[in-house]
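Heads up, the sequence shown is in the numbering used here, so the first residue is 36 and it goes up one at a time. Shown next, in structure tokens, is the structure this report addresses.
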Amino acid sequence: MNFKSVMLTTGVLFLASCQSQKVMTKNESGNISYPESKKVAHTDTYFGEKVEDPYRWLEDDMAADTKDWVQKQAAFTENYLKNITFRDKLRQELKELWNYERVSAPWKEGDYTYFSKNDGLQAQSIIYRTDKNGKTEVFLDPNKFSADGTTSLSQLRFNKKGTLAAYAISEGGSDWNKIIIIDAITKKVIDETIEDAKFGVISWLGDEGFFYSSYDKPEGSALSAKTDTHKVYFHKLGTKQKEDKLIKGGEDFKRRYLTATVSDDGRYLILSGANATSGNDLYIKDLTKNTDFIPVQTGFDNNTHFVDSKGDVIYLMTDKNAPNKRW
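Structure follows, in structure tokens:
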């Protein structure tokens, strides 16, 4: 963003603030009257130190008090915004800036070339494909996933032949996804929907099925309940989700994000575990042998990732003793 853009944005926000403060409800002292946020007596002790947390009650998102607080805050905010006199003009100018066609780089799956395209103001880009004869058609339109447009496409993965596809959808921005399995040629659903996938990636094992990651669904609120035992499962096509095989995870891998991917040659299953954005566990399993995962790296001091394989040789990239990385 250049200096001119920064100054323009700053000016718009300043004017909006000045304009809105004219119409906000004020108390006797002339200050804006914000919705009340009550304080409660709550103290936690961490490593011998007492820490007060007067707003702990807001962490219970199922409580009536919390819902009432959210509604009042939302109404207050909307009242602030709707009284900005140039809001419609600003919206129109932003529309004009955003209204241009955007097309992704193409990629190949089987006999089709796929790409995503947004005409300009579409909420979500549409997935198209072109066949060998140059005919282009819509493959997936996320804008039609739900009537209110709040369901989005979070993943799309094909098998090696490009004949099968599994795509994950997020409803209302939730991290809890559903995985829908289709015949990539006919675009018809061919298996039951996988519920409650969360984080990780979809990775196909030939035409047999795919690996995915999930947690046990917590009791109570899906927004605030604790989930700390990530698990990797294998779903075999034509079977029920309750029959999916647990590959790794659970109590032995607490507080880790687990992701399983299959190598391009289909021989190796690579399991990566992390508890932050840097550092990872790495385990590799030879799918042609009846053996368990081999630990390549444990702990989170370094970043080591699978790159490729050729027969018995596996290529990795790491920053262990190599700040600029090495193979």
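Ideal Cβ placement from N, Cα and C applies to all residues, glycine included. Bear in mind that the values here come from a model prediction, so they are computed numbers and not experimental data.
What residue from the options has the CA that sits closest to residue i's CA?
i	options	result
residue 169	211, 146 and 186	146
residue 281	175, 245 and 136	245
residue 108	142, 173 and 68	68
residue 165	100, 149, 139 and 330	149
residue 219	286, 127, 213 and 194	194
residue 271	238, 265 and 279	279
residue 248	336, 241 and 237	237
residue 354	345, 348, 347 and 341	341
Quick one: what does DSSP say residue i is sitting in, helix, strand or coil?
i	result
residue 106	helix
residue 239	strand
residue 69	coil
residue 290	coil
residue 112	helix
residue 264	coil
residue 45	Note that residue 45 scores a pLDDT of 46, beneath 50, so its modelled location is shaky; the value from the coordinates is reported in the next line. Note: residue 45 maps to helix in three-state DSSP.
residue 124	helix
residue 277	helix
residue 156	coil
residue 306	strand
Just mark residue i as buried or exposed, buried being the case when its beta carbon has 16 or more other beta carbons within 10 Å.
i	result
residue 181	exposed
residue 77	exposed
residue 58	With a pLDDT of 47 at residue 58, under the threshold of 50, the modelled position of that residue is not reliable, and no figure is offered here.
residue 131	exposed
residue 316	buried
residue 142	exposed
Note down the Cα distance separating residue i from residue j, rounded to an integer number of angstroms.
i	j	result
residue 206	residue 135	27 Å
residue 92	residue 75	8 Å
residue 293	residue 133	37 Å
residue 362	residue 356	12 Å
residue 163	residue 176	8 Å
residue 158	residue 137	12 Å
residue 191	residue 154	20 Å
residue 119	residue 113	10 Å
residue 56	residue 83	With a pLDDT of only 49 at residue 56, under 50, the local geometry of the prediction cannot be trusted, and the value read off the model is given with reservation. Going from the Cα of residue 56 to the Cα of residue 83 covers about 44 Å.
residue 333	residue 326	19 Å
### Message
Report the start-end ranges of each beta strand (DSSP E) in the stretch 159-229 that is 3 residues or longer and not cut off at the edges.
### Response
161-165, 171-175, 186-193, 199-206 and 211-218
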